[in-house]
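Numbering (my numbering), first residue to last: 1098 to 1273.
Notes for the one structure printed next.
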Ligand SMILES: Cc1cc2nc3c(=O)[nH]c(=O)nc-3n(C[C@H](O)[C@H](O)[C@H](O)COP(=O)(O)O)c2cc1C
């Protein structure tokens, strides 16, 4: 069983990257096999439904998702949705990479009102690719972070709980 943690923000000062790193730390502490995919390390073409699928970086990120049984996605909220970089990743990799994965979400937003913004992506993964969505969502605002990362211990615990729940659900589903 292997999990993939995706950090989807392209912002060098990203807050959701701290969430991804906290999830990675929990998985490491619990000896749960995992990889980290940071989209800043993999510049991707914009999906055009055609030639972009053939870009070498697309094969790399596709392989990383395909090789995982479960995925923890840490992303910004932009315009009441996930950021375009994450949506683009899903468009480029599609069913071949995502089908049947267990997927969890960790989000960084600017305010509390956008807390349902993840539902469009969650619904799309669920309906299109038969992903099973972990019913533990971590939604954060700037109040949850200090200069060194996550400052709210409740959030840190919620990320850990989400990471462990993702591992457990992924494991259980592999048994069936
Ligand atoms: C283009 C853009 C759109 C945004 N839209 C929203 C939004 O709809 N709702 C919200 O709460 N915050 C919004 N924000 C604030 C970001 O969610 C916030 O800065 C968050 O920390 C971004 O994640 P990151 O730090 O991991 O990059 C937006 C920020 C940008 C740059």
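We put the beta carbon where it would ideally sit given N, CA and C, even for glycine.
For residue i, verify whether its CB is less than 7 angstroms away from any heavy atom of ligand 1.
{"i": "residue 1208", "result": "yes"}
{"i": "residue 1130", "result": "no"}
{"i": "residue 1175", "result": "yes"}
{"i": "residue 1137", "result": "no"}
{"i": "residue 1108", "result": "yes"}
{"i": "residue 1112", "result": "yes"}
{"i": "residue 1205", "result": "yes"}
{"i": "residue 1211", "result": "yes"}
DSSP state of residue i, grouped into three classes?
{"i": "residue 1246", "result": "strand"}
{"i": "residue 1176", "result": "coil"}
{"i": "residue 1232", "result": "strand"}
{"i": "residue 1141", "result": "coil"}
{"i": "residue 1252", "result": "helix"}
Taking the alpha helix (DSSP H) that residue i belongs to, which residues open and close that run?
{"i": "residue 1238", "result": "Taken as a continuous stretch (DSSP letters only), residue 1238 belongs to no alpha helix (DSSP H), as it is neither H nor E."}
{"i": "residue 1115", "result": "1113–1126"}
{"i": "residue 1186", "result": "1181–1195"}
{"i": "residue 1222", "result": "1216–1226"}
{"i": "residue 1161", "result": "1153–1163"}
What are the start and end residues of the beta strand (DSSP E) that includes residue i?
{"i": "residue 1104", "result": "1100–1104"}
{"i": "residue 1201", "result": "1199–1205"}
So, at 6 angstroms on beta carbons, what are the nonlocal neighbours of residue i in its own chain, with the 5 sequence-adjacent residues on each side left out?
{"i": "residue 1197", "result": "1227"}
For residue i, which residues in the same chain have their Cβ closer than 7 angstroms to its Cβ, ignoring the five residues on either side in sequence?
{"i": "residue 1143", "result": "1149, 1185"}
{"i": "residue 1162", "result": "1101, 1168, 1190, 1194, 1195"}
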